[in-house]
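K.L.:
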Amino acid sequence: MFNMTKRLLIASTASLTLMASSAWADGLMSIIVNNPSNPYWFTEGQVAKKTAEDMGYEANVSAHKGDTNTESKLIDTAITNKAKAIILDPANADGSIGAVRKAVAAGIPVIIINAEINQSGLAKAQLVSNNAQGAALGAMQWIESVGDSGNYVELFGAPSDNNAQTRSNGFKTVLSQYPDLIKVASEVANWDRTQGYTKMQSILQANPNIKGVISGNDDMALGAIAALKEAGKLSQVKVGGFDGSPDAANAILNGEMEYTVLQPVATFAAEAIRQADNFIKNGNTGVDSEKQLFDCYLITSENIKYYTSAFTLSQH
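Read in order, the letters of the sequence shown are residues -25 to -1, 1 to 291 in mature numbering (1 follows the signal peptide of the UniProt record, and there is no 0).
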């Protein structure tokens, strides 16, 4: 009986080994994101990983947390591991160019997602949210919530990320049409909830009578909401976000946030893998342009019921 069991175990192990080598026959996809403690980047990495694995690749997710030195080391690791492709959410629009160039020199195609690099022709594709469109969408909803006059503040994302300036410019395009709206403060909070909270505390001390907060992302907005609640002022201040995170969706359901602008990160993270796969197999992504924009969607209390999973709106 023992010998029979042993033979079955050996056969089973051999079968699993064969299945594993078959499953990963297409090679490694190296996925590098910013910081998975933020649900946006967590979703980005997990969707890309699952899509790659479903297509027959091995996939790993690592994070640079906005540090270009860490990013460079992760690219080195991907080169050493002979990755078939690298999916990269870059740490810095300028500072990440060298790391991408290094991967390309090693013969590894790079697909950029979420944030751009300031050089074309290096990456095989750059897939990003249409931040200008999304910012205009959010700002128009913000006006509807706040009104066309009064004091307000803006929370600005990480300056190293082009998305921060693009969104701020999009807000300005809309809000500058209302001369009675006065921006009394603009603070960099680096996409971070804790920084959004502390910056909002300081702003309130100097500007106790604001009517609205327009934020470059959800985490900064949620930090601001926490500070406003603590100060007993949330009922008189309207807050708008950007990303479409699950926490923002809950804040909308609870009447604490006016809206969020959903970035279709789940869509373009999966699409990046498909384009990488196409390049590996056919020598091209299957898409004509390097830079590809994915439209954002507004989420309010009116359509929150269609928010079916993280960063996904089932109807829009």
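Think of the CB as a built atom: it goes at the ideal place given N, C-alpha and C, for glycine as much as any other residue.
#1: In whole angstroms, give me the CA-to-CA distance for T45 and G73.
#2: Can you list, in chain order, the stretches of the alpha helix (DSSP H) that have 4 or more residues and sit fully within the segment 158 to 241?
#3: Tell me, please, which residues DSSP counts as bridged to T287.
#4: Alpha carbon to alpha carbon, how far is E277 from A202?
#5: Taking the alpha-carbon positions, what's the A58 to S12 distance?
#6: Which of helix, strand or coil does DSSP assign to I118?
#7: Please list the terminal residues of the continuous alpha helix (DSSP H) segment that includes L97.
#8: F131 bridges to which residues according to DSSP?
#9: Could you give the DSSP three-state label for N13: helix, strand or coil?
#10: Could you round the C-beta distance between G113 and L273 to whole angstroms and report it? I think they count as a contact, below 8 angstroms.
#11: Look up V149 in the DSSP assignment and give the residues it is bridged to.
#12: Using 10 angstroms around the beta-carbon of I227, count the other beta-carbons present and answer buried if the total reaches 16, otherwise exposed.
P.N.:
According to the data block:
#1: Cα-Cα distance, rounded: 13 angstroms.
#2: Look at the segment 158 to 241 and you find these whole runs of alpha helix (DSSP H), each 4 residues long or longer: 168 to 181, 193 to 205, 221 to 228.
#3: Beta-bridge pairing links T287 to S284.
#4: It is roughly 26 angstroms from the alpha-carbon of E277 to the alpha-carbon of A202.
#5: Rounded to the nearest angstrom, the two C-alpha atoms are 25 angstroms apart.
#6: Residue state, collapsed to three classes: helix.
#7: First-last for L97: undefined, no H or E at that position.
#8: DSSP, once it has assigned bridges, lists V163 as partnering F131.
#9: In the three-state DSSP reduction, N13 falls in the coil class, being neither helix nor strand.
#10: Approximately 7 angstroms separates the beta-carbon atoms of G113 and L273; this is inside 8 angstroms, confirming the contact.
#11: Looking at the DSSP output, V149 shares a beta bridge with no other residue.
#12: By the neighbour-count rule (16 or more Cβ atoms within 10 Å), I227 is buried.
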